[in-house]
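Residue numbers (numbering that gives the first Met the number 0): 0 to 141.
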Amino acid sequence: MIVWKSKDVPANALLHDWNYAPRLFARLHVVYTNGADGRSQWIQPPKGTLKCNTNAAVFQKANMTTWVAMLRDSIGSFVGCCFGFGDGCMKANMVEALAVREASSWLKDKIIAAIIMETNCPTVIEACTNPAEDDSEMGIGS
């Protein structure tokens, strides 16, 4: 069970959303931005485009997870954000995937012409851009 906006989400609805994700990502440009030194660096999107950066964290000692999505314009100015947290520990790549999913859900109703979705989790990018080839635990199967 996943709780979102204080609603229980049935497993079949979650599976439907997960299976729909590749079509959503076909409309988004997803990039991985770790430099050669392993540090993330923010790169400006083209003028007229917004960039949504996502990130997540797992706090094992506190038994909780958290994620955030921040939307910025082409000069780096803050446009908006959403975030969430929950009790229990998930694997880091799953929380990163949740961050991208929740950010996508948050952005879908906004009237924005072009958005670049950016994450620093290569497993999530691979699962979203090549789902048929993904054999990780985030694979959606074929």
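Note that beta-carbon positions come from the ideal geometry of N, C-alpha and C, so glycine has one too.
Is the beta carbon of Cys80 sitting closer than 8 Å to the one on Val57? no
Quick check: what's the CA-CA separation for Trp41 versus Ala12? Roughly 34 Å between the two C-alpha positions.
Should Lys107 go down as buried or exposed, given a rule of 16 or more other Cβ atoms within 10 Å for buried? Exposed, because fewer than 16 other Cβ atoms sit within 10 Å of the Cβ of Lys107.
Closer than 8 Å, CB to CB, is Asn52 near chain B or not? Among the protein chains of the structure shown there is no chain B, as only one such chain exists.
Look at the alpha carbon of Ala55 and the alpha carbon of Ala61, and state the distance between them as a whole number of angstroms. 15 Å
Please specify which runs of the alpha helix (DSSP H), each continuous and at least 4 residues long, are wholly inside the segment 102–133, giving them in chain order. The segment 102–133 contains these whole alpha helix (DSSP H) runs: 121–128.
From Lys90, Ile114, Ser104, residue whose alpha carbon lies closest to that of Thr122: Comparing Cα positions, the closest option is Lys90.
Pick from Met69, Trp66, Gly75: whose alpha carbon is nearest that of Gln43? Gly75
What separation, rounded to the nearest whole angstrom, lies between the Cα atoms of Gln59 and Leu70? Their backbone Cα atoms lie some 28 Å apart in a straight line.
Counting only the same chain and skipping the five closest in sequence on each side, list residues whose C-beta sits under 6 Å from that of Phe82. Val67
Please report the distance separating the alpha-carbon of Asn18 from that of Thr53. 20 Å
Give me, in chain order, the residues of the same chain whose beta-carbon lies closer than 8 Å to that of Glu101; leave out the 5 immediate sequence neighbours on both sides. Trp3, Trp66, Ala68, Cys81, Gly83
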